[in-house]
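Everything on this sheet refers to the single structure shown next.
2 protein chains.
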Amino acid sequence: MTKPAYVAVDWGTSSFRLWLIGKDGSILGERRSGEGMTTAAQAGFAKVLQTHLDALSAPADIPVIVCGMAGARQGWVEAGYIDTPTSLAAILTGAVAVPGQSRDVRILPGLAQRSRQAPDVMRGEETQLLGAIAADAKGEQIVCMPGTHSKWVRVLDGQVTGFSTFMTGELFDVITKHSILSHAVAGSADMPADTGAFDVALKAAFDKPALATSLLFTARSGQLLHGLSAAGAQALISGTLIGAEIAGALASAGQGASIMLVASGRLQTLYEDAFRTLSLSYKTIDADAAVRRGLSAAAEAIWLKNESKS
Amino acid sequence: MTKPAYVAVDWGTSSFRLWLIGKDGSILGERRSGEGMTTAAQAGFAKVLQTHLDALSAPADIPVIVCGMAGARQGWVEAGYIDTPTSLAAILTGAVAVPGQSRDVRILPGLAQRSRQAPDVMRGEETQLLGAIAADAKGEQIVCMPGTHSKWVRVLDGQVTGFSTFMTGELFDVITKHSILSHAVAGSADMPADTGAFDVALKAAFDKPALATSLLFTARSGQLLHGLSAAGAQALISGTLIGAEIAGALASAGQGASIMLVASGRLQTLYEDAFRTLSLSYKTIDADAAVRRGLSAAAEAIWLKNESKS
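Chain order of the listed sequences is A and B. Mapping of the first sequence onto the numbering used here: position 126 corresponds to residue 1311, and the numbering continues sequentially without gaps. Mapping of the second sequence onto the numbering used here: position 138 corresponds to residue 1323, and the numbering continues sequentially without gaps.
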């Protein structure tokens, strides 16, 4: 078996994922937990990390590369932002060392778009991007990274030229939990997904995104007047928000650019269905694999290059 | 002093308003409370009503006309819906009597748009509409009734041809209370409103409503990157939602129709500012006066006509 070379960590707001990576790049161990930034800020970042390193018996001298919210101001150590436009490779060079650790722990920076009209930030997705797109990629790519805050990134010849965040996932969450529509979706978790209702709402919102906040209300009126099911209401809300997101993202993107979807699990299925329904061509890259590849690229640039020189 | 003729009640989800009206149409007394449908469904509708009638010493034999959520399925007595397209006058004839009361209590119906693509319902706003527009009005009117669920109604020669609900007020509420943007607006209640930020977001969302769910996120990124204030973030969220609402409402309305704004208080100020900023012509009618006028029109049609005949 190959020797452990470094540890890669994707440390989000509410999730923690760690991989022990061997000298040949293989995955020697993996940990997943809900100890994201919010939990770790209370428990202590160093302690949370050490617990997971111990669980995998990670050697005391191998370094750790981290991406995500651990580098936010309210995180472990602030890792700042690389400003757009920027090359993907610049992300690799901005890692910040965590002081006072027995081993070398570094956190990757986020990306910032400092425009007055469309200020935007990301943390964690830049590392997915790094793993999804080759640094020497040619042409224009529109990268879609769906989630709580979906990120749409424009990449031209390996340069990040701009990006936009859509609050799709979080809006779905607060609308279905805290608005009057929470009654409309009650019980939908126990029903099969209504892909028909999803597709209809998706197309309606994509065609007329200005009506999105009105279409949402039809989840209620559709139940009152047409007996729409809870699963139908859930799908209608999801389809409306995703349809409006795609319309907005493509409105500010060049025409004819191919979409690269970086997603896994439920979101992958949902967005693949959406792109097919809207006749948009796309290519999927697994989000987990992408962030791991991005972390590995950073680790290799920081540590393995030097090692091979010495 | 004129003798009391009837009692008018606007009974919403979370608010209760009652007026004692004299034979000459003058207001002899008024009550306002938070005993809306939600509270009254627990306490008992008849009991809540009687408490307020007693407080004004309303004679035991005068009738009560009610509009709003008291007529919903989960309200006092279900008052059904009048289907669009409909004349405004049809609302007057659909009142449902509450059984088992010592006095004559009637609840006005709501309006339903049973289209498959755009099902929609209203309860209470139809009575405001009745009070805002003369039944014999000529030409096309676009009526905007902002609120938790903003209603935009198209009226042509006294006929309600269609309407759309936008979840603007409720979305503002859940976003500023339950999403990550709750941090961005924290403290804004103690600051003066940022009308500049409101106008910029309003125009941006009106011009590109597809980007609304992305513009919302700039309330956060604007704070991280440009030091946007809490009041600025609050205004940005409000402006974005209202800008998208107006874009959507006017997209489905005929061009050149004049807007009739039925509003009072803070919402009146906000929407008047929005229409001025977008160079849209409008005319304002006080929402309180409109609902009272609508209730009076119904009371007169039901009781006073018969009285004058007898």
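Even for Gly, the Cβ is constructed at its ideal location relative to N, Cα and C. Because the structure is a prediction, the values reported are computed rather than measured.
#### Entry: Residues near residue 1265 of chain B by beta carbon distance below 6 Å, same chain, minus five either side
1294
### Query
Among B:1301, B:1360 and B:1201, which residue has its Cα nearest to the Cα of residue 1411 of chain A?
B:1301
### Task
Measure from the alpha carbon of residue 1242 of chain B to the alpha carbon of each residue in B:1310, B:1362, B:1188 and B:1228, then state which is nearest.
B:1188
### Task
Could you say which of A:1247, A:1307, A:1224 and A:1219 lies nearest to residue 1205 of chain A if we only look at CA atoms?
A:1247
### Query
Taking 7 Å as the line, does the beta carbon of residue 1431 of chain A fall inside it for any heavy atom of the ligand HEM?
Although the ligand HEM was asked about, the structure shown includes no ligands whatsoever.
### Query
Could you give the distance in angstroms between the alpha-carbon of residue 1461 of chain B and the alpha-carbon of residue 1216 of chain A?
56 Å
#### Entry: residue 1493 of chain B versus residue 1290 of chain B: straight-line alpha-carbon distance, rounded
Any reading at residue 1493 of chain B needs caution, since the residue's pLDDT is 49, under 50, leaving its predicted position unreliable; the model's value is listed next. Near 20 Å, if we compare the C-alpha coordinates of residue 1290 of chain B and residue 1493 of chain B.
#### Entry: In chain order, each beta strand (DSSP E) run of at least 3 residues that lies wholly inside the stretch 1244-1302 of chain A
1249-1253, 1266-1268, 1290-1292 and 1295-1298
### Task
With 8 Å as the threshold, decide whether the Cβ of residue 1350 of chain B is near any Cβ in chain A.
yes
### Query
Start and end of the beta strand (DSSP E) containing residue 1335 of chain B?
1335-1341
### Message
Please tell me whether residue 1388 of chain B has its Cβ less than 8 Å away from any Cβ of chain A.
### Response
no
### Query
So which residues on chain A does residue 1403 of chain B lean against when the C-beta distance must stay under 8 Å?
1303, 1304 and 1305
### Query
If we ignore side chains and look at the alpha-carbon of each, how far apart do residue 1237 of chain B and residue 1376 of chain A end up?
45 Å
### Message
Out of B:1373, B:1435, B:1474 and B:1285, which one is the CA nearest neighbour of residue 1463 of chain B?
### Response
B:1435
### Message
With distance defined between alpha-carbon atoms, name the residue in B:1347, B:1428, B:1220 and B:1452 nearest to residue 1333 of chain B.
### Response
B:1452
#### Entry: Bridge partners - residue 1146 of chain A, DSSP secondary structure assignment
Lying outside 1186 to 1495, the shown extent of chain A, residue 1146 of chain A is not represented and no answer is given.
### Task
Could you tell me whether the Cβ atoms of residue 1339 of chain A and residue 1351 of chain A are closer together than 8 Å?
no
### Query
Cα separation between residue 1421 of chain B and residue 1401 of chain B?
7 Å
### Message
For a test of the three-state rule: what should DSSP assign to residue 1369 of chain A, helix, strand or coil?
### Response
helix
### Message
Please classify residue 1212 of chain A as buried or exposed, where buried requires at least 16 other C-beta atoms within 10 Å of its C-beta.
### Response
exposed
### Task
Check whether the Cβ atoms of residue 1385 of chain A and residue 1418 of chain A lie closer than 8 Å to each other.
no
### Query
Under 8 Å between C-beta atoms, does residue 1393 of chain A make it to chain B?
yes
### Between the CA atoms of residue 1288 of chain B and residue 1245 of chain B - distance to the nearest angstrom
7 Å
### Query
Under a Cβ-count criterion, where at least 16 other Cβ atoms within 10 Å of its own Cβ denotes burial, should residue 1270 of chain B be classed as buried or exposed?
exposed
### Task
May I ask you to list, following chain order, the residues of the stretch 1364-1376 of chain B that have a beta carbon less than 9 Å from some beta carbon of chain A?
1364, 1365 and 1366
### CB contact below 8 Å: residue 1399 of chain B versus chain A
yes
### Task
Assign residue 1425 of chain A to buried or exposed, taking buried as 16 or more other Cβ atoms, counted over all protein chains shown, within 10 Å of its Cβ.
buried
### Message
Just to confirm, is the Cβ distance from residue 1252 of chain A to residue 1480 of chain A under 8 Å?
### Response
yes
### Closer than 8 Å to chain A by CB, residue 1406 of chain B
yes
### Query
Under 8 Å between the Cβ atoms of residue 1249 of chain B and residue 1306 of chain B?
no
### Query
Closest Cβ-Cβ distance between residue 1192 of chain A and chain B: below 8 Å?
no
### Query
What residue from B:1261, B:1447 and B:1297 has the CA that sits closest to residue 1282 of chain B's CA?
B:1261
### Task
Might you give, ordered along the chain, the residues of its own chain that have their beta carbon closer than 7 Å to the beta carbon of residue 1488 of chain A, omitting 5 neighbours on each side?
1191 and 1248
### 7 Å Cβ cut-off: residues of chain A touching residue 1353 of chain B
1398
### Task
Pair every Cβ in the stretch 1380-1398 of chain B with every Cβ in the stretch 1388-1403 of chain A, then say whether three or more of these pairs are closer than 8 Å.
yes
#### Entry: Whole-angstrom C-beta distance between residue 1304 of chain B and residue 1403 of chain A, which should lie under 8 Å
5 Å
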